[in-house]
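Position one of the sequence shown corresponds to residue 258 (the numbering used here), numbered consecutively onward.
C-beta: ideal position from N, C-alpha, C; glycine also.
This structure is a prediction, so every number in the text was calculated from the model and none was measured.
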Amino acid sequence: MIRPAEFIHPEDAAALRQLESIPGFPTLVRKVMSLGLEPLRYGMNMATNIRLSPTQLPELYHHLPPICEKLGIDEPEFYLQMDPMPNAWTFGDTRIFITITSGLVEMMDNEELDAVIAHECGHILCRHVLYHNMAQYLLDGMDSLGLLGALTTPLKLAILYWYRKSELSCDRCASIVTSPEVVSRIMARFAGGPKGITQNVNMEEWANQADKYDEIRTDGVWNKALQLYVIMGLDHPFNAVRVREILTWGKSEQYHNLMTNLKAQASKPKCPQCGKSVEKEWMFCRHCGYKLK
258 MIRPAEFIHP EDAAALRQLE SIPGFPTLVR KVMSLGLEPL RYGMNMATNI
308 RLSPTQLPEL YHHLPPICEK LGIDEPEFYL QMDPMPNAWT FGDTRIFITI
358 TSGLVEMMDN EELDAVIAHE CGHILCRHVL YHNMAQYLLD GMDSLGLLGA
408 LTTPLKLAIL YWYRKSELSC DRCASIVTSP EVVSRIMARF AGGPKGITQN
458 VNMEEWANQA DKYDEIRTDG VWNKALQLYV IMGLDHPFNA VRVREILTWG
508 KSEQYHNLMT NLKAQASKPK CPQCGKSVEK EWMFCRHCGY KLK
């Protein structure tokens, strides 16, 4: 089992603390969800997409359970949308589900698909999903009823700022399940390149472009204002920035220690009933109560 504190991006954690410190904000978000956003999206997803299971497209479904087990989360509902655009998303509060598109399946190899699914599971593990739903609600321009009219523009921008930072945490989660190199490769694929080209991209050089971008972004007040205007309404960081962030973290002591600990956990004996790690001296599984000896 992995704890979010072991990998969460510090800018994600800081931005989330700021949002949750706003009086009444978490309650408002849940109210908007319960008034119709969650039932609406859940119903549409159920009616239009294909729910994956051990008996429904099992070759796709079987990507999910090992990832959930490694991360220590309950398995969400899993759906396939017939859409040529490669995409994946997680939605819900009381009934969380992950949806991937047929375009994503066709674009990615199995390892890359694992990384995308692990990224989405990272949102569940980090408890991002509720506020992500609100950010997407704003981006889609769905507030025609004025339910969020009380939110000022700065607060809406703060939600989107956090949304971008949360993606960096989930890139880390994906790299735990696969590797930083696989996550970087996905960024190249999402940038629009066919595999024949993207497999030859020098990721370190691409990451260096993020440093060049930072030089542009911080070169004077006018450039700062221009770049802020460009990014403030986005829900994802730029791809070069994501590649730099994940490759840098992949070389860190934090990542190395986390992966070492996970390998040690994987070598421990497992409970035959719940499948979780147990200690040799235990008489009963402390997770499910199963008698071991």
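Problem set entry | Assumed close pair I416, L294 - CB separation to whole angstroms, cut-off 8 Å | Not really, about 15 Å apart at Cβ, beyond 8 Å.
For this session: Report the three-state DSSP secondary structure of A448 (helix, strand or coil).
Result: If DSSP states are grouped into helix, strand and coil, A448 belongs with coil.
Exercise. Counting only runs that start and end within the segment 324–383, where is the alpha helix (DSSP H) found for 4 or more residues in a row?
Worked result: As far as the segment 324–383 is concerned, its whole alpha helix (DSSP H) runs of at least 4 residues are 359–364, 367–382.
Problem set entry | Stretch pair the segment 335–345 + the segment 355–362: three plus CB contacts closer than 8 Å | Between the segment 335–345 and the segment 355–362, the count of C-beta pairs closer than 8 Å reaches three or more; the two stretches touch.
Problem set entry | Sheet register partners of S310 (DSSP bridge) | Answer by DSSP bridge pairing, in chain order: Q313.
Exercise. What does DSSP give as the partner residues of F541 in its beta bridges?
Worked result: In DSSP, F541 forms a bridge with K548.
Exercise. From this set, V440, G507, R421, N518, which residue's C-alpha is nearest D371's C-alpha?
Worked result: Nearest neighbour of D371 by Cα position, chosen from V440, G507, R421, N518, turns out to be V440.
Exercise. Based on the DSSP output, what are the partners of K527 in its beta bridges?
Worked result: Partner(s): S534.
For this session: Rounded to whole angstroms, what's the CA-CA distance from E502 to I259? Just pull it up for me.
Result: Rounded to the nearest angstrom, the gap between the Cα atoms of E502 and I259 is 20 Å.
Exercise. What number of angstroms, rounded off, separates the C-alpha of Q466 from the C-alpha of W479?
Worked result: Between the C-alpha atoms of Q466 and W479 there is a straight-line separation of about 21 Å.
For this session: Please state whether DSSP places M489 in a helix, a strand or coil.
Result: Coil.
For this session: Give me the Cα-Cα distance between N496 and Y336, rounded to the nearest whole angstrom.
Result: If you draw a straight line from the Cα of N496 to the Cα of Y336, it is about 26 Å long.
For this session: Out of K327, Q393, Y418, state which residue places its alpha-carbon closest to the alpha-carbon of R274.
Result: Closest by C-alpha distance to R274, out of K327, Q393, Y418, is Y418.
Exercise. When the Cβ atoms of the segment 468–476 are set against those of the segment 418–427, are three or more pairs found closer than 8 Å?
Worked result: In short, these stretches do not touch, since the Cβ pair count stays below three.
Exercise. Which residue's Cα is closest to the Cα of D471: E461, N459, L485, M460?
Worked result: Per the Cα distances, L485.
Exercise. Counting along the chain, where does the alpha helix (DSSP H) carrying S423 start and finish?
Worked result: Where S423 is concerned, the enclosing alpha helix (DSSP H) stretches over 410–434.
Problem set entry | Three-state secondary structure (DSSP) of F282 | Note: F282 maps to helix in three-state DSSP.
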